[in-house]
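Chemist:
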Amino acid sequence: MKFLGIETSCDETAAAVVEDGQRLLSNAVASSMSEHIKYGGVVPEIAARSHIEVIMPIIKQALSDADCTWGDIDGIAVTHGAGLGGSLLIGVMTARTLAIALDKPLYATNHVEAHVYANFLTDTSLPGYKLPARQPEFPMLAVIVSGGHSQLVLFRNHFDYTVLGQTHDDAIGEAFDKVAKMLGLPYPGGPSVAATAERGDPNAYKLPKAKMDKYDFSFSGLKTAVLRLAQSQIGEGYDFPSIKLSERLSGAQKADIAASFQRTAIATIVDKAKLAYEEFDAKSVVIAGGVAANSELRHQLTEALLGASVPIDFPDLKLCTDNGAMVAVLGCYKMKLGQPEANPFSLSIEPNLSM
Ligand code: KG4
Ligand code: ZN
8 MKFLGIETSC
18 DETAAAVVED
28 GQRLLSNAVA
38 SSMSEHIKYG
48 GVVPEIAARS
58 HIEVIMPIIK
68 QALSDADCTW
78 GDIDGIAVTH
88 GAGLGGSLLI
98 GVMTARTLAI
108 ALDKPLYATN
118 HVEAHVYANF
128 LTDTSLPGYK
138 LPARQPEFPM
148 LAVIVSGGHS
158 QLVLFRNHFD
168 YTVLGQTHDD
178 AIGEAFDKVA
188 KMLGLPYPGG
198 PSVAATAERG
208 DPNAYKLPKA
218 KMDKYDFSFS
228 GLKTAVLRLA
238 QSQIGEGYDF
248 PSIKLSERLS
258 GAQKADIAAS
268 FQRTAIATIV
278 DKAKLAYEEF
288 DAKSVVIAGG
298 VAANSELRHQ
308 LTEALLGASV
318 PIDFPDLKLC
328 TDNGAMVAVL
338 GCYKMKLGQP
348 EANPFSLSIE
358 PNLSM
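Residue numbering for the sequence shown follows the numbering used here, beginning at 8 and increasing consecutively.
This is how it looks when you write it as structure tokens:
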């Protein structure tokens, strides 16, 4: 069973072909990030316009890289939420049109759920991919950490899951992006904070972990604590503007702040993931979303679960950020397990879709 997955929820225009929910045949991605950098964040209108320009070339590339014609494709899956409205619309309208014109079954996928399904890819002949040796077993604990979400979700089986907890304010990726802004590091903030943290001491400063209900998170207090720390390091009061901090902080101070923030933010997630793993006797733990690319997360999670019998394999970095492969995998499972098809004449976008 070969599925085409289409993903356009933010700035990446992505399409991929996956076979039987586990074999990656192609993974084509175009990003408009370089056009957003000067604005310090994704500009929805620019992202949508870029999707229109590149979506058909990217889909054609996904088919040709997979050595497929349309006749080989058994179904089309598309992200219909959550995400930016204008961006989602381009992917959904394209998928609807293709499904009608080519008479293919259409499946609508939730972006966050799709991130989790990147972990089911175990096989590829594409060069440069390091994939887990086996698919995760149920019950599976999913640690979802992206720019818009921080959630712990327990999957008892495919399409049978419970959200154990989530953030009450900022998502962890958002906290990385905001801290990067304070330190004058380039957007997107996650990779630049991680790179700066490598030069710093993660124990230089003690920052607070929010005390929340069992599996819930909060990152806004940590972000404010970083602001107060930076203000005090340069000998200024709490009214000193955050946009001027970076000119006054030394490189060493920035590195120590980045490392201390990263250690604390990641530990907040890992502490609760360990608790949930133990309580629910999970047979596997997976990480999903853009922050899953963070090496401190991979390191702390491995340490926390070391000695436990749980297999912990991480998805390839190229499958942590937004991609069409994760959407195609989820589409395959939807078809295989009899989940309802989407109506290609009426499928709508759901910008605020949650799990
Ligand atoms: O999943 P994603 O590509 O988009 C959303 O669905 O939100 O995640 C993007 C987020 C951004 O906040 C970005 O700063 C963060 O993932 N990110 C990272 C790293 N790479 C991307 N955060 C920490 N460390 C990284 N290496
Ligand atoms: Zn994402």
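We put the beta carbon where it would ideally sit given N, CA and C, even for glycine.
Tell me whether Cys339 counts as near the ligand ZN, meaning its Cβ is closer than 8 Å to at least one heavy atom of that ligand.
Modeler: Checking the Cβ of Cys339 against the ligand ZN gives no.
Chemist: My output table needs one value for Glu286: the three-state DSSP class, helix, strand or coil.
Modeler: Reduced to three states, the DSSP call for Glu286 is helix.
Chemist: How many angstroms separate the CA atom of Ala182 from the CA atom of Ser253?
Modeler: Answer to the nearest angstrom: the Cα atoms are 17 Å apart.
Chemist: Check whether the stretch 201-211 touches the stretch 323-330, counting contact only when three or more Cβ pairs, one atom from each stretch, lie closer than 8 Å.
Modeler: The stretch 201-211 vs the stretch 323-330: no contact.
Chemist: Would you say the beta carbon of Val277 is closer than 8 Å to some non-hydrogen atom of the ligand ZN?
Modeler: No - the ligand ZN has no heavy atom lying nearer than 8 Å to the Cβ of Val277.
Chemist: Exposed or buried, Tyr284, counting other C-beta atoms within 10 Å across all chains shown (16 or more means buried)?
Modeler: Tyr284 comes out buried.
Chemist: If you compare alpha carbons, which of Ser33, Ser199, Thr86 is closest to Ala262?
Modeler: Cα-wise, what sits closest to Ala262 is Ser199.
Chemist: Beta carbon of Val49: closer than 8 Å to some heavy atom of the ligand ZN?
Modeler: Checking every heavy atom of the ligand ZN against the Cβ of Val49, none is found closer than 8 Å.
Chemist: Is it true that the CB of Glu14 sits closer than 9 Å to the CB of Met362?
Modeler: No, they are not a contact pair.
Chemist: Under 7 Å Cβ to Cβ from Val99, same chain only, skipping five residues before and after it: list those, please.
Modeler: Within the same chain, Val99 has close Cβ partners Val85, His87, Leu354, Ile356.
Chemist: Using only CA atoms, which one of Phe162, Gly197, Ile319, Thr101 lies nearest to Asn301?
Modeler: The shortest Cα separation from Asn301 among Phe162, Gly197, Ile319, Thr101 belongs to Gly197.
Chemist: Indicate, with yes or no, if the ligand KG4 has a heavy atom lying under 8 Å from the CB of Glu1.
Modeler: Since the first and last residues shown for the chain are 8 and 362, residue 1 lies out of range.
Chemist: For Val317, report the span of its beta strand (DSSP E) as first-last.
Modeler: No beta strand (DSSP E) holds Val317; DSSP gives it neither H nor E.
Chemist: At what residues does the beta strand (DSSP E) containing Asp167 begin and finish?
Modeler: Looking at the DSSP string, the run of the beta strand (DSSP E) that includes Asp167 is 167-173.
Chemist: Does the ligand ZN have a heavy atom nearer than 8 Å to the CB of Val334?
Modeler: No - the ligand ZN has no heavy atom lying nearer than 8 Å to the Cβ of Val334.
Chemist: I'd like the ranges of any alpha helix (DSSP H) spanning at least 4 consecutive residues and lying wholly in the stretch 229-314.
Modeler: Entirely contained in the stretch 229-314, the alpha helix (DSSP H) runs reaching 4 residues are, in chain order, 252-255, 258-287, 302-312.
Chemist: Is it the case that the Cβ atoms of Trp77 and Leu109 are separated by a distance below 9 Å?
Modeler: Yes. Within cutoff.
Chemist: For Cys75, verify whether its CB is less than 8 Å away from any heavy atom of the ligand ZN.
Modeler: Because no heavy atom of the ligand ZN lies under 8 Å away, the Cβ of Cys75 does not count as near it: no.
Chemist: Does the ligand KG4 have even one heavy atom less than 8 Å from the beta-carbon of Phe183?
Modeler: At least one heavy atom of the ligand KG4 is nearer than 8 Å to the Cβ of Phe183, so yes.
Chemist: Hey, would you say the C-beta of Ala178 is under 8 Å away from at least one heavy atom of the ligand KG4?
Modeler: Yes, since a heavy atom of the ligand KG4 falls inside the 8 Å radius drawn around the Cβ of Ala178.
Chemist: If you compare alpha carbons, which of Phe145, Thr275, Arg270, Ser94 is closest to Thr174?
Modeler: Residue Thr275 is the option with its Cα nearest to Thr174.
Chemist: Can you tell me whether Lys137 is buried or exposed? The criterion is at least 16 other CB atoms within 10 Å of its CB, across all chains shown.
Modeler: So Lys137 ends up on the exposed side.
Chemist: For Asp81, collect the residues of the same chain with a Cβ closer than 6 Å to its Cβ; drop the 5 residues on either side in sequence, then sort them by chain order.
Modeler: Contacts found: Met8, Lys9.
Chemist: Under 8 Å, with one C-beta from each stretch per pair, do the stretch 119-134 and the stretch 344-351 reach the 3-pair mark?
Modeler: Verdict: no, contact absent.
Chemist: Could you tell me if the beta carbon of Val317 falls within a distance shorter than 8 Å of some heavy atom in the ligand SAH?
Modeler: For the structure depicted, the ligand SAH is absent and the ligand set comprises only the ligand KG4 and the ligand ZN.
Chemist: So what does DSSP say about Phe183, is it helix, strand or coil?
Modeler: Three-state DSSP puts Phe183 in a helix.
Chemist: Can we say the stretch 182-194 touches the stretch 135-150, given the rule of at least three CB pairs closer than 8 Å?
Modeler: Judged by Cβ distances under 8 Å, the stretch 182-194 makes no contact with the stretch 135-150, as fewer than three pairs qualify.
Chemist: Go to Tyr124, then tell me how far its alpha helix (DSSP H) extends in each direction, as first and last residue.
Modeler: 118-124 is the span of the alpha helix (DSSP H), which, as asked, contains Tyr124.
Chemist: Going by the beta-carbon positions, is the gap between Gly28 and Lys325 smaller than 9 Å?
Modeler: No, the pair does not count as a contact, with Cβ atoms beyond the cut-off.
Chemist: Going by other Cβ atoms of all chains shown within 10 Å of its Cβ, with 16 needed for buried, is Gly135 buried or exposed?
Modeler: Gly135 should be labelled exposed.
Chemist: Can you list, in chain order, the residues of its chain whose CB lies under 6 Å from that of Ser423, leaving out five sequence neighbours each side?
Modeler: Missing from the structure shown is residue 423; the chain here goes from 8 to 362 and no further.
Chemist: Helix, strand or coil: which one does DSSP assign to Lys9?
Modeler: It is a strand residue.
Chemist: With H, G and I counted as helix, E and B as strand and the rest as coil, what does DSSP make of Asp79?
Modeler: Helix.
Chemist: Which first and last residues belong to the alpha helix (DSSP H) in which Arg103 is found?
Modeler: 92-109 is the span of the alpha helix (DSSP H), which, as asked, contains Arg103.
Chemist: Using a threshold of 9 Å, state whether the C-beta atoms of Ile294 and Ile83 are closer than that.
Modeler: Contact: no.
Chemist: In its own chain, which residues sit with a C-beta less than 7 Å from the C-beta of Ala121, not counting the 5 before and 5 after it?
Modeler: Only Thr86, Met333, Val334, Leu337 meet the Cβ criterion.
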